[in-house]
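Everything below concerns the one structure shown next.
Numbering (our numbering), first residue to last: 514 to 589.
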């Protein structure tokens, strides 16, 4: 059996996840949920991603190699 252990910070951010990294560091200054560093990363491909954001700081588009994900938000 393979087990996955997750721990969370009080604000809901991932603190550790055994299949990805031992420690996650976020940018507390202006984007408290923006991941800026992983300590001891594993199982993470080294393909660059480009992420663009809307004027209200939500993900607009993610591109990775030949792949593109466009996020559409609607109110309601």
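From the three backbone atoms N, C-alpha and C, an ideal C-beta is built for every residue, glycine too.
In this structure, residue 531 and residue 517 form a Cβ contact; the two beta carbons are roughly 6 Å apart against a cut-off of 8 Å. Closest in alpha carbon position to residue 549, among 568, 528, 569, 567, is 528. Per the DSSP secondary-structure output, residue 581 pairs in a beta bridge with 576. Distance check between residue 523 and each of 552, 545, 570, 586 places 545 closest, using alpha-carbon atoms only. Pairing residue 568 with residue 521, the inter-Cα distance amounts to about 28 Å. Between residue 515 and residue 535, the CB-CB gap reaches or exceeds 8 Å.
For residue 573, the closest C-alpha among the options 541, 551, 565 is that of 565.
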